Amino acid sequence: SIASIKARWVLDSRGNPTVETEVLTIARGYGKAIVPSGASTGTHEALELRDGGKAFHGKGVLKAVENVNKIIAPELLGMDSRRQEDIDGKMLQMDGTPNKSRLGANAILSVSLAVAHAAADTYSLPLFQYLGGMNAYTMPVPLMNIINGGKHAGNELKIQEFLIAPVGAKTFSEALRIGSEVYHSLKAYLKDKYGPQAINIGDEGGFSPPMKNTREALDALINAIRNAGYEPGKDVALAIDAAASEFYDEKRSLYIIDGQELSREKMIELYEKLVEEYPIVSIEDPLHEEDFEGFSIITRTLKTQVIGDDIFVTNVERLRRGIENKSANALLLKVNQIGTLTEALEAARLAISNGYSVVVSHRSGETEDTTISHIAVALNTGQIKTGAPARGERTAKYNELLRIEEYLGTRAKYPGLGAFKHYKR
Ligand code: PGA
Ligand code: ZN
Numbered sequence: 010s011i012a013s014i015k016a017r018w019v020l021d022s023r024g025n026p027t028v029e030t031e032v033l034t035i036a037r038g039y040g041k042a043i044v045p046s047g048a049s050t051g052t053h054e055a056l057e058l059r060d061g062g063k064a065f066h067g068k069g070v071l072k073a074v075e076n077v078n079k080i081i082a083p084e085l086l087g088m089d090s091r092r093q094e095d096i097d098g099k100m101l102q103m104d105g106t107p108n109k110s111r112l113g114a115n116a117i118l119s120v121s122l123a124v125a126h127a128a129a130d131t132y133s134l135p136l137f138q139y140l141g142g143m144n145a146y147t148m149p150v151p152l153m154n155i156i157n158g159g160k161h162a163g164n165e166l167k168i169q170e171f172l173i174a175p176v177g178a179k180t181f182s183e184a185l186r187i188g189s190e191v192y193h194s195l196k197a198y199l200k201d202k203y204g205p206q207a208i209n210i211g212d213e214g215g216f217s218p219p220m221k222n223t224r225e226a227l228d229a230l231i232n233a234i235r236n237a238g239y240e241p242g243k244d245v246a247l248a249i250d251a252a253a254s255e256f257y258d259e260k261r262s263l264y265i266i267d268g269q270e271l272s273r274e275k276m277i278e279l280y281e282k283l284v285e286e287y288p289i290v291s292i293e294d295p296l297h298e299e300d301f302e303g304f305s306i307i308t309r310t311l312k313t314q315v316i317g318d319d320i321f322v323t324n325v326e327r328l329r330r331g332i333e334n335k336s337a338n339a340l341l342l343k344v345n346q347i348g349t350l351t352e353a354l355e356a357a358r359l360a361i362s363n364g365y366s367v368v369v370s371h372r373s374g375e376t377e378d379t380t381i382s383h384i385a386v387a388l389n390t391g392q393i394k395t396g397a398p399a400r401g402e403r404t405a406k407y408n409e410l411l412r413i414e415e416y417l418g419t420r421a422k423y424p425g426l427g428a429f430k431h432y433k434r
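Residues 10 to 434, numbered by the UniProt record's numbering, are exactly what the sequence shown covers, in order.
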């Protein structure tokens, strides 16, 4: 049972404070978790509690830390750390709001994840095996964001993320090696073509070149893949996260992208052309976060994976609406969008049981925490999105997956293109 719970503030990768919590059980199980933070956040995400005021430009988390130490901890002491659902349920009950605005989703999630780590440690099991049992052995295909745009970069690219997926690899470690090689080929290509400023990087470790146009970025990826000695589409596929809410003009119902103002229909046409021209296997948030209808049109017409991030926000209610409307065919799973491990797993199970793929994801503001690597393997999702193969907060996740693959040995499976079951050639 839980002997102590202690929270503190630490810094995330953008230099903003976030919540870290440590949990100790009587049986000496130890768990620690740090919560991440988004920039292009969905409107319907659970509330990240910030202090306001002067310190940290208003982004302090002292209230959230105090909520863990003074309100949550006393209630959870003595509870069995293995009873994740009871513990998360207790916190939900204590909070009492639909979006966790009283205690803060950051406070609640840090405890929720630290409890899971402590319980796994009590059994001396790696977290992925504690959560997924002996059936957890699918290594995820890494979706690596190597050109950053939108809110994650100081350039004019409207599409937020240009990603590569090494689908031709035989193992996760080979996929990571290929990702690293393409990343460095891209760096050389950008420096050569656009000058030294083009290799500055964005929030997720990808390059932030001074480009204006979607095709320019996709062409750079194709060139980098070829220059590294790989075949685009066969060895390394492409993906994008448009994060389209960020360039949607609500008043005029127009998408402002590539020097054009596009209606929903024209925007969909643009995606259709891009999918024709490039080996794109996955598109995330192609339209704004309230357009369930548009999402279902796109899911019907594009032969790719269509991921819902801001539209679903890892929320079972919104995902149910998506399933009813056939909006998207994949769920982006971000634990801090919903605020407890139990609810995140519930969303994943709902998605999987309805034929949706699941992509476990980091946030643009990250830390050394590696919980999501374990969740991806525990659920056999076959896909993870956790940034470029560079910068400590991103490589922490990929490096943990290297360790997990080594631990699994011959039982580890890398699905390659098979992970994208909604992609039709
Ligand atoms: P965020 O971006 O963490 O800034 O929300 C990630 C994403 O949109 O997938
Ligand atoms: Zn997204």
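Beta carbons are placed, not taken as given, at the ideal position from N, Cα and C, and that holds for glycine.
Nothing here was measured: the structure is a model prediction, and the numbers come from that model.
Q. Mapping DSSP to helix, strand and coil, what is residue 93?
A. Looking up residue 93 in the sequence shown gives position 84. Helix.
(Q) Checking the sheet assignment: what are the DSSP bridge partners for residue 205? (A) Residue numbering aside, residue 205 sits at position 196 when the sequence shown is read from its first letter. According to DSSP, residue 205 bridges with nothing at all.
Q. Enumerated in chain order, which unbroken segments of the beta strand (DSSP E) with a length of 3 residues or greater are wholly contained in the UniProt domain "Enolase N-terminal" (11-140)?
A. You should have 11-20, 26-34 and 39-43.
Q: For my contact list, residue 348 and residue 140 are in at a C-beta cut-off of 8 Å; report their separation, rounded to the angstrom.
A: The sequence position of residue 348 within the sequence shown is 339, counting from 1. The sequence position of residue 140 within the sequence shown is 131, counting from 1. Their Cβ separation, rounded to whole angstroms, is 17 Å, which puts residue 348 and residue 140 out of contact at 8 Å.
Q: Could you spell out where the alpha helix (DSSP H) holding residue 165 opens and where it closes?
A: Counted from its first residue, the sequence shown places residue 165 at position 156. In this chain, residue 165 is not harboured by any alpha helix (DSSP H), its DSSP state being neither H nor E.
(Q) So, under 8 Å CB-CB, residue 148 and residue 421 are touching, yes? Tell me the CB distance rounded to an integer number of Å. (A) Counting from one through the sequence shown, the residue named residue 148 turns up at place 139. Counting from one through the sequence shown, the residue named residue 421 turns up at place 412. Indeed, because the Cβ distance is near 5 Å, the residues count as touching under 8 Å.
Q. Would DSSP call residue 317 helix, strand or coil?
A. Position 308 of the sequence shown, counting from 1, holds the residue named residue 317. Residue state, collapsed to three classes: strand.
Q. Quick one: is the Cβ of residue 375 within less than 7 Å of any heavy atom of the ligand ZN?
A. Position 366 of the sequence shown holds residue 375. For the ligand ZN, not one heavy atom lies less than 7 Å from the Cβ of residue 375.
(Q) Quick check on residue 365: buried or exposed, where buried means 16 or more other Cβ atoms within 10 Å of its Cβ? (A) Here the question's residue 365 lines up with position 356 in the sequence shown. Buried, by the Cβ-count rule.
Q) Should residue 252 be listed as close to the ligand PGA, given that the test is whether its C-beta is under 7 Å from any heavy atom? A) Looking up residue 252 in the sequence shown gives position 243. At least one heavy atom of the ligand PGA is nearer than 7 Å to the Cβ of residue 252, so yes.
**Q.** residue 54: CB within 7 Å of a non-hydrogen atom of the ligand ZN
**A.** Here residue 54 refers to the residue found at position 45 when the sequence shown is read from its first residue. Outside the cutoff, so no.
Q) To which residues of the same chain is residue 33 closer than 6 Å at the C-beta, ignoring the five residues directly before and after it? A) Position 24 of the sequence shown, counting from 1, holds the residue named residue 33. Within its own chain, the residues whose Cβ lies closer than 6 Å to the Cβ of residue 33, once the five positions on either side in sequence are excluded, are 12, 13 and 39, listed in chain order.
Q. Mind checking whether residue 249 and residue 320 have CB atoms under 8 Å apart?
A. Within the sequence shown, numbered from 1, the residue matching residue 249 stands at position 240. Within the sequence shown, numbered from 1, the residue matching residue 320 stands at position 311. No, these two residues do not count as a Cβ contact at 8 Å.
Q. Three-state secondary structure (DSSP) at residue 363?
A. Your numbering for residue 363 matches position 354 in the sequence shown. Secondary structure of residue 363 (DSSP, three-state): coil.
Q | Residue range of the unbroken alpha helix (DSSP H) whose run includes residue 280 | A | In the sequence shown, counting from the first residue as 1, residue 280 sits at position 271. Residue range 273-286 is occupied by the alpha helix (DSSP H) that includes residue 280.
Q.
Using a Cβ-based criterion (distance less than 7 Å to any ligand heavy atom), does residue 370 qualify as near the ligand PGA?
A. Here the question's residue 370 lines up with position 361 in the sequence shown. Residue 370: yes, Cβ under 7 Å from the ligand PGA.
**Q.** Distance cut-off 7 Å: residue 293 Cβ against heavy atoms of the ligand ZN
**A.** Here residue 293 refers to the residue found at position 284 when the sequence shown is read from its first residue. Indeed, a heavy atom of the ligand ZN lies less than 7 Å from the Cβ.
Q.
Here's the rule I'm using: 16 or more other beta-carbon atoms within 10 Å means buried, otherwise exposed. How should residue 392 be labelled?
A. Numbered from its first residue, the sequence shown carries residue 392 at position 383. Buried: at least 16 other Cβ atoms inside 10 Å.
Q) So residue 371 packs on residue 395, CB below 8 Å; how close in whole Å? A) To locate residue 371, count along the sequence shown from 1; it is residue 362. To locate residue 395, count along the sequence shown from 1; it is residue 386. Contact between residue 371 and residue 395 holds: their C-beta atoms lie close to 4 Å from each other, under 8 Å.
Q) Under the criterion of a Cβ to heavy atom distance below 7 Å, does residue 336 qualify as lining the ligand PGA? A) Against the sequence shown, residue 336 aligns to sequence position 327. For the ligand PGA, not one heavy atom lies less than 7 Å from the Cβ of residue 336.
Q) Along the chain, where does the beta strand (DSSP E) that runs through residue 291 open and close? A) Along the sequence shown, one-based indexing puts residue 291 at 282. Boundaries of the beta strand (DSSP E) harbouring residue 291: 289-293, taken from the DSSP string.
Q: For residue 327, collect the residues of the same chain with a Cβ closer than 6 Å to its Cβ; drop the 5 residues on either side in sequence, then sort them by chain order.
A: Here residue 327 corresponds to residue number 318 of the sequence shown, with the count starting at 1. For residue 327, where only same-chain residues beyond five positions count, the Cβ hits under 6 Å are 321.
Q | Residues near residue 176 in its chain [Cβ-Cβ closer than 6 Å; skip 5 each side] | A | By one-based count along the sequence shown, residue 176 stands at place 167. Taking residue 176 as the centre and dropping the five residues before and after it, the same chain places the C-beta of 246, 425 and 426 closer than 6 Å to its C-beta, in chain order.
**Q.** Simplified DSSP assignment, three categories, for residue 220
**A.** Numbered from its first residue, the sequence shown carries residue 220 at position 211. In the three-state reduction of the DSSP assignment, residue 220 falls in the coil class, being assigned neither a helical nor a strand state.
Q | Reduced DSSP secondary structure (H/G/I, E/B, other) of residue 435 | A | Here the chain covers residues 10 to 434 and nothing more, so residue 435 does not appear.
Q.
the ligand PGA and residue 85: does any heavy atom of the ligand fall closer than 7 Å to the residue's C-beta?
A. The sequence position of residue 85 within the sequence shown is 76, counting from 1. For residue 85, the Cβ stays outside the 7 Å cut-off from all heavy atoms of the ligand PGA.
Q.
Tell me which residue opens and which closes the alpha helix (DSSP H) that residue 328 is part of.
A. Translated into the one-based positions of the sequence shown, residue 328 becomes position 319. For residue 328, the enclosing alpha helix (DSSP H) starts and ends at 325-334.
Q | Member of 53, 120, 188 and 275 whose CA lies at the smallest distance from the CA of residue 244 | A | Here residue 244 refers to the residue found at position 235 of the sequence shown. Closest option to residue 244, Cα to Cα, is 188.
Q) Under the criterion of a Cβ to heavy atom distance below 7 Å, does residue 341 qualify as lining the ligand ZN? A) Position 332 of the sequence shown, counted from the start, is the residue given in the question as residue 341. Set against 7 Å, the gap from the CB of residue 341 to the closest heavy atom of the ligand ZN is smaller.
**Q.** Spatially closest choice to residue 219 from 192, 283, 91 and 206, by CA coordinates
**A.** Locating residue 219 in the sequence shown gives position 210, where the first residue counts as 1. Residue 206 holds the alpha-carbon nearest to the alpha-carbon of residue 219 among 192, 283, 91 and 206.
Q) So does residue 89 have its beta carbon nearer than 7 Å to some heavy atom of the ligand ZN? A) Taking the sequence shown and counting its residues from 1, one reaches residue 89 at position 80. Outside the cutoff, so no.
Q.
I need the boundaries of the alpha helix (DSSP H) containing residue 394, first residue and last residue.
A. Translated into the one-based positions of the sequence shown, residue 394 becomes position 385. Where residue 394 is concerned, there is no enclosing alpha helix (DSSP H), although the beta strand (DSSP E) around it starts and stops at 392-394.
Q: List the whole-angstrom C-beta distance separating residue 72 from residue 86, where the pair is believed to meet the contact cut-off of C-beta under 8 Å.
A: Taking the first residue of the sequence shown as 1, we reach residue 72 at position 63. Taking the first residue of the sequence shown as 1, we reach residue 86 at position 77. Not quite, the Cβ-Cβ distance comes to about 21 Å (not below 8 Å), so this is no contact.
Q | C-beta contact flag for residue 10 and residue 100 at 8 Å | A | Walking along the sequence shown from the start, residue 10 turns up at place 1. Walking along the sequence shown from the start, residue 100 turns up at place 91. It is not a contact, given that the beta carbons lie outside the stated cut-off.
Q. Roughly how many angstroms separate the alpha carbons of residue 26 and residue 60, rounded to a whole number?
A. On the sequence shown, position 17 is the one that residue 26 refers to. On the sequence shown, position 51 is the one that residue 60 refers to. One C-alpha to the other measures close to 11 Å.
Q | Counted within 10 angstroms of its Cβ, other Cβ atoms place residue 293 as buried (16 or more) or exposed | A | Taking the sequence shown and counting its residues from 1, the one referred to as residue 293 is at position 284. Result: buried.
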